[in-house]
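In the working numbering, the protein residues as written are 6 to 229. Don't be surprised by glycine CBs; every beta carbon is placed ideally from N, CA and C. Here's the structure, in structure tokens; my notes come after.
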Amino acid sequence: MTVTFVTTNPGKVNEAREYLAEPVEQLDFDTPEIQHADLGAIAAHKARAAYEHTDEPVFVDDAGLFVDAFDGFPGPYSSYVHDTVGVERVWRLTSEEDDRAASFRGVVAYCDGEDFEATPEPVDRDDRRGQDLSADERAAATTDEQVRTDEGDGEAPPVKLFYGVVPGEIVAPRGDGGFGYDPIFEYDDRTFAEMDPDEKNAVSHRGRALAKFADWLAERDTTE
Ligand code: ITT
């Protein structure tokens, strides 16, 4: 089965192809994104919109850079900050802080209109909009889960979420590889931009989320 990765970002597609046994096709479509403090809610909404657009099995990815000294900013606003403030100035702002710790967080969200009968221990959040999750529920939503929302016209298809996190430190830009914030994110003495794609995948937020997604897809294929 071919899975379609709906994203405008070819860097993400290269990383996904390293992980998934299934052929991955990119659909370069700018899926509408809701504003939300929680990446999972953004990704679930994005996956459902992508599925409605294609009517095929799709996955999307939503990621962000969370700087500890700024209480997680830019986090879900990483794309906007990247395009406005820019990576160099994010580094300069962070360099004025004693604490330069940060993390990349990412969520892969999959939707194919099926009910995911084979999902191990799915959490069914029936009839609940991601936007209405309480703070406690959002805090709890850091494990892989199935999210179902009712968008009004009958039942919206469920979405399966896979989370990944990697801790690191913000440093002066180094390296030519990767994309986005990679040049200023250091993990184990190297920035992500100084790593090959497979090295980055082995430790990155996306790699961790994709590994879980790949396992789930493989298990689902064998149980169907
Ligand atoms: P989509 O079409 O998939 O949404 P995007 O590039 O807008 O592509 P996100 O909204 O998920 O993706 O990304 C938010 C920002 O974080 C954006 O500026 C990315 O370049 C950056 N980013 C995401 N993943 C990253 C990674 O692995 N390394 C460096 N920067 C990353």
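If you check the C-beta of phenylalanine 109 against ligand 1, you find a heavy atom less than 7 Å away.
Taking every residue with its beta carbon within less than 5 Å of a heavy atom belonging to ligand 1 gives, in chain order, Thr12, Thr13, Asn14, Asp67, Ala68, Ser83, Ser84, His87, Gly185, Tyr186, Asp187.
Per DSSP, aspartate 88 has no beta-bridge partner at all.
Under DSSP, the beta-bridge partners assigned to glutamate 191 are Glu174, Thr196.
The beta-carbon separation of glutamate 191 and valine 176, rounded to 4 Å, stays under the 8 Å limit for a contact. Judged by DSSP secondary structure, glutamate 57 falls within the alpha helix (DSSP H) whose first and last residues are 44–59. Around the beta-carbon of isoleucine 47, 16 or more other beta-carbon atoms lie within 10 Å, marking it buried. Under the three-state reduction of DSSP, tyrosine 186 is assigned to coil, being neither helix nor strand.
Sequence-distant partners of proline 81 (beyond 5 residues in either direction) whose C-beta falls short of 7 Å from its own C-beta, in its chain, are His41, Ala42, Leu44, Ile47, Gly69. The beta carbon of valine 208 sits closer than 7 Å to those of Val171, Tyr192, all from its chain and outside the five residues before and after it, given in chain order. Non-local beta-carbon contacts of glutamate 174 in its own chain, meaning distances under 7 Å to residues more than five positions away in sequence, involve Arg105, Ala106, Ala107, Glu191 in chain order. Each of Asn19, Val95, Lys217, Glu102 was checked against the Cα of proline 188, and the nearest Cα belongs to Val95.
In this structure glutamate 199 is in contact with glycine 182, their Cβ atoms being roughly 7 Å apart against a cut-off of 8 Å. Counting only residues of its own chain and dropping the five nearest sequence neighbours on each side, valine 113 has a CB closer than 7 Å to the CB of Phe64, Asp66, Phe167, Ala214, Leu215, Phe218.
At least 8 Å separates the beta-carbon of tyrosine 24 from that of glycine 185.
Look at leucine 25 here: in three-state DSSP terms it is coil, with no helix or strand label. The beta-bridge partner set that DSSP reports for glycine 111 consists of Ala68, Gly169.
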